[in-house]
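For the protein sequence lines, the chains are S, P, Y and L, in the order given. Quick note on the working numbering: the first sequence kicks off at 1 and runs consecutively. Quick note on the working numbering: the second sequence kicks off at 1001 and runs consecutively. Quick note on the working numbering: the third sequence kicks off at 2001 and runs consecutively. Quick note on the working numbering: the fourth sequence kicks off at 3001 and runs consecutively.
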Amino acid sequence: MNFLVLSLIKAALVAFVLMTTLAYLQWIERKVIAHIQLRVGPRRVGPHGLLQPLADVIKLLTKEDMLPSHVNKVFYFIAPFIAVFFALIAISVIPFGGDISIGPIKTAMQLTDLNIGVLFILGLSGMGVYGVALAGWASNNKYALLGGLRSSAQMISYELPMAMAIAAPLLMLNTLSFRQLVDAQGGFYFGIIPRWTIFQGPFPQVVSFLLFVIAAFAETNRVPFDLPEAENELVAGFHTEYSSMKFAAFFMAEYANMVTVSCVATLLFLGGWQPLFPAEYGSKFIPTLIFFFGGAICLYHGANPVRAFDRITLPVAGVVFLGIGAAFLIPIVATILLPLFWFSAKVGVILFLYIWIRGTLPRFRYDQLMNFAWTFMFPVAIANLFITGLLVALT
Amino acid sequence: MQLWLIPILPLIGFLLNGLFGRKLSKPVVSAIAAGSVLLSFLWVLKTLSGLGAFSGGLDSAYTEHYYTWIQSGALNIGVDFAIDRLTAVMLMIVTGVGFLIHVYAVGYMDHEGGFYRFFAYLNLFMFFMLVLVLGANYLLLFVGWEGVGLCSYLLIGFYFLEKYATDAGNKAFIVNRIGDFGFSLAVFLIAIHFGSLDFGKVFAQAKDLPVESAPGWVTAICLLLLVGATGKSAQIPLYVWLPDAMAGPTPVSALIHAATMVTAGVYMIARSSSIFLHSAFALDIVAIVGVTTAFFAATIGLAQNDIKKVFAYSTVSQLGYMFLALGTGAFSAGIFHVMTHAFFKALLFLGAGSVIHALGGDQDLRNMGGLRTKIPITFATLMCAGVAIAGVPPFSGYHSKDAILSAAYQHAPWMYWVGVITAFMTAFYVFRALFLCFFGEYRGHHHPHESPAIMWIPLAVLAALSLGGGYINIPKFLEPMFPLAEEGGNEWTVYVSIAAGVGGIALAFLFYVVAPSLPEAIANAFRPIYTLIYNKYFVDEFYDATVVNPAIDGSRTLLWRGADATVIDGAVNGIGKTARAVGGVLKLAQSGYIRSYAAWVVAGSIAVILVMALWGGAR
Amino acid sequence: MDAILFLLFAAIAVVCAINLVLQSHPISSALSLVGVMGSLAVLYLLLGGEFIAMAQLIVYAGAIMVLFIFVIMLLNAGTELKTKRHLWGMYAGVPLLLALVGVVGYIVHDVLPASGAVVFGSFQHGNPEDIGKNLFVNYLLPFEVTSVLILVAIVGAIVLARKEVD
Amino acid sequence: MPPLPIPEAAPLSWYLILSAILFVLGVAGFLFRRNIITVFMSIELMLNAVNLSFVSFSYKLKQNDGHIFSFFVMVVAAAEAAVGLAIILTVFKNRQTLEIDEVSSLKN
């Protein structure tokens, strides 16, 4: 089958999945935060507010797109697109699983496998600054400008520890292609401990994993590093002047960055789609069990419902879950789905970490932020890199 | 055997005190300083016993090679230490006496400023002195030689706020330069003619030289070495710096300018004996220099009123004795005297220091007197030193001086007689000083007080040594290196020298205890001679007139004003001027606008590229 | 295909560069410079220099230019006010520079004929592995020296930009 | 109309000419702009042009030394940017201007 057509199909698929993920990620975030704060969260639109994202999209699309006066029009328009462009394009080098073959077609679960994928991601994350900075500058508003300045400074500062933290595992796996990275993390020690980078010898990369996650929080301007949009100092930071779809673009960019960074973390440190424990201990039944369990719960609650419409929604969900769980039992499907399951499970865990921390931690002060970057993260990252290199060289 | 530990320990002490001394407390500083020297003394003992030096071993030199310092062509100079019997004696003297003096200095310098600085210098001196003694080739010897010179300079000028001290330091340094110049020339000659600087190789070749009718350069080497020795060991004509060197603290005078450093020359000549033995002429010169120095210094010592000056001149004359011994081929006797002299002269200086300490810094004999009741310990110890230096049997000075004199008699009787007269004068002026100091009634004003134990205990030890030290039979010990001179057998020389010593003491007793008015009368009777002696034969003035002032004026007018100011500065300024003139022209092209500069650059590069394109540079 | 890509990105680069020169506001110039760099990165890819392309993106576009924009924002540099004085420079300079381009192009055409076409993927030594090997084997000393240079630059920048502590 | 005479692959000389054009544009920017920052950016543009020619030549010579040179150029450019921008900041702090012609104390 033609390369172009295949790529188009894959691109469409990935784009669709990604968009949905972004939309629902935000729903999940609202829900989780709500439960952290002992609230219920959105539940008007659709069952348990499941249609909330859709509603949001419609709202944002249909809102009046207002153009403030005194803004530098060109950059004011360009900025959100730059942001979202570089945020979305990053997904193109992320592999979600190994090679699969559907009938005659044999392809990789990935848009393209660059042999410099990691560098590519780094470059894009570097370019992502422009969106924010320009937005801040173009909207000609001192809060926005401060937000832009902060974000650019913050991103520049945190790119170094991030790059260092990435470099350490690369030293051990010595490749730059994500696919080979994941392949290099396959297998198990003593048949049980996975050879993920955070467990792998000679120097388990726990430190650099933590560093990477922290730096990633800062790169994506998330709590506790969301200085650029610190609402209580800067109104809304760099996107103060933005409304409707352009605002949505920044929003999407932020969530897309979150997803990308989580994927990178998974691929670099958590062994991508490698299972948690080997198949002979029945790792391939984990998803089935989980989904069956979820389905069972749904069915139970559907059987004796608390609310009226639970009688309809929950059994449906339960059946769906059971179906998915059953799908994992079909070998052919399983070969396709298992990697996806593991991958998205790990990514999901990291994303949940994001949300959790947002619900938990307060915000840094700006100087603390910078000090943290330069006087703690950077030295630690260098030390970690040095030790790793030493051990790699010795072994 | 780890010989390197011996010098390194004081070096560590120096580093510790020199770097951190300012912060350390006095006890710590003194503990470091004295402790390091004590450790190296103990290490010397261990090494020597390990080498069996005390049990008739160590007949040949034991050498340790550390690393190659200079490797050029045939010449190969390594940093290696050697130890043989001569070295052993010197090591014992340096570290032992050095330790005692360190201990003494702890008490003496207690009230002085720059405590840690003093001890740092002292340790540094010990380091260099040990390097000098241990070095197994002339270059290392020279290193130590220069190093001790430096330390002596630093320590003479220790009270650098007083001008006389700094002047004395400069004098010592410059005069030593003259000697070192000769020494370095000698080293070069040795390197040329023997193709090596290692003692072992050099002396092995030297032994093969014809004893009589040795080539001229042997004599040249010996004379140049002698020049170096006269500089370091304060012999005529370069002795003038030693008396002034008394400007330093008294422990320094004791350690450097009596016991150890000034004997470096003696050590060096003794070390080079197997070269000297091939040049009878040079040996004669050495002997003559020695005996004349001994005589002159003694005469000068007769009339000095500064107690330290007296002992300084006596040091010079005693060194003269040593050179006499060397010159008469009795090297072992010379080294023997080095040792005994180290004992009693160190004791004399330390005692003098104790007296000065007691009088709160007064050094003038005329302000002393009657101190024997007030500072009895010092008195007793100084008396021991006196009898020792006067050569009264059976004390140490007697043995060594007797050995020298008998050797001198066999060499040339007139030297013997001069030596005897010198011995007489020595006894006289030493006891003159002692009597002036301790007898009669007190002429000073300051209230004298006995020194603390930490000062008089070393005195006591040294006193014991200078009384009994004569029974350490150094010539016997050194026999494998320097064959003993055959016994002359004429007993009377011994008695004469003893008589000279005792007579000198008696005369001094007569003059300064029984009839204190006599010396004044005699001085008036022989006024011109007295003034001549009192002013040290005007040697300093002579040197000033002949050497120093011409040098100063010459450098001022010719070198400074002539060469430096006009030629060099002129050239430099001229370059500057021309540059400025050219710049003044070019300045017109400087608009100060960066972009105009850039435009010029671009135009130039375009021109170059055009040329390359049209005339095919690019193809 | 390659030629089209080349022409496309070359055009972008040239347009951006011209824009850099003509735009009166520093930010616009900076962004057009970023455009130049991006298209140059693509050209590097065409020439088979994956690593250098990414380095171009990360170092130049991602770090240096961000620094520029940061400073421009910080100083809030306004647009350049027009003066007549540099018009003569225009009249004198532009033809000169055009001449320069012409000459260089002529030389280049002379020196290497149009035969040597750049085919994507025919140059295989641009991947990080080979670069690293060459860099850390043959060019180790320059590498170290540049690291020292960077250090010096950091210190210098800090010293220059710090507040005067009196 | 006839199709444009575009070869399948661009000859190397095009790359070099492109780099020449970019370089000259950089020079022009350096000469005609008066804002220090813009001038500085023009310098960066020239550096980029040179990098392009480096990479092209290393394609021609079938070895990646050119890439390494341009890598070094980047490093140096980074250092230069750090120092240069610091200098610009200081100049602005002292003179409140970015006009390059205002900063002409080198004169006389």
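By construction, the Cβ of each residue, glycine as well, lies at the ideal position given by its N, Cα and C atoms.
Reduced DSSP category for residue i - H, G, I as helix; E, B as strand; rest coil
i	result
P/A1082	strand
P/D1059	coil
P/G1320	helix
S/M65	Looking at the sequence provided, one finds Asp at residue 65 of chain S rather than Met. It is coil, neither helix nor strand.
P/D1198	strand
S/P331	helix
P/L1016	helix
L/E3008	coil
Y/H2025	coil
S/A11	helix
L/E3099	strand
P/H1065	strand
L/N3048	helix
S/N141	coil
S/N371	helix
S/N221	coil
P/N1170	helix
Distance between residue j and residue i (C-alpha atoms, nearest Å)
i	j	result
Y/F2123	L/H3067	12 Å
S/G97	Y/D2110	52 Å
P/F987	P/V1355	Past the boundaries of the shown model lies residue 987 of chain P; chain P is included only from 1001 to 1619, so the question cannot be answered.
S/N115	S/L22	27 Å
Y/V2015	S/L329	57 Å
L/N3108	Y/L2031	Per-residue confidence for L/N3108 stands at a pLDDT of 45, beneath the threshold of 50, marking its modelled position as unreliable; no derived number is given.
P/L1048	P/G1444	48 Å
S/E280	S/I192	10 Å
P/I1609	Y/L2097	12 Å
S/K142	L/W3014	46 Å
S/K63	S/A249	14 Å
L/R3102	L/F3069	A small fix is needed here, since residue 3102 of chain L is Glu in this sequence, not Arg. Distance between the alpha carbons of L/E3102 and L/F3069: 35 Å.
P/V1200	P/Y1398	A small fix is needed here, since residue 1200 of chain P is Gly in this sequence, not Val. About 34 Å.
P/A1454	P/L1100	Position check: residue 1454 of chain P holds Ile in this sequence, whereas Ala was assumed. Cα-Cα distance, rounded: 10 Å.
P/G1179	P/G1562	29 Å
S/L369	S/G187	39 Å
Y/L2074	S/L149	8 Å
P/P1237	P/Q1410	26 Å
S/R44	S/Q52	8 Å
S/C298	S/Y354	27 Å
P/A1206	P/S1272	10 Å
S/P339	S/W273	5 Å
Strand pairing of residue i, partner residues [DSSP]
i	result
S/I193	S/Y189
P/L1075	P/S1072
P/D1306	P/D1364
S/A108	S/D99
Y/A2117	L/P3011
Residue range of the unbroken alpha helix (DSSP H) whose run includes residue i
i	result
P/A1380	1376 to 1389
P/N1123	1115 to 1134
Y/E2050	2050 to 2055
Y/K2133	2128 to 2137
Y/I2158	2140 to 2161
S/T240	Here S/T240 belongs to no alpha helix (DSSP H), and DSSP marks it neither H nor E.
P/Y1543	1539 to 1543
S/V182	178 to 184
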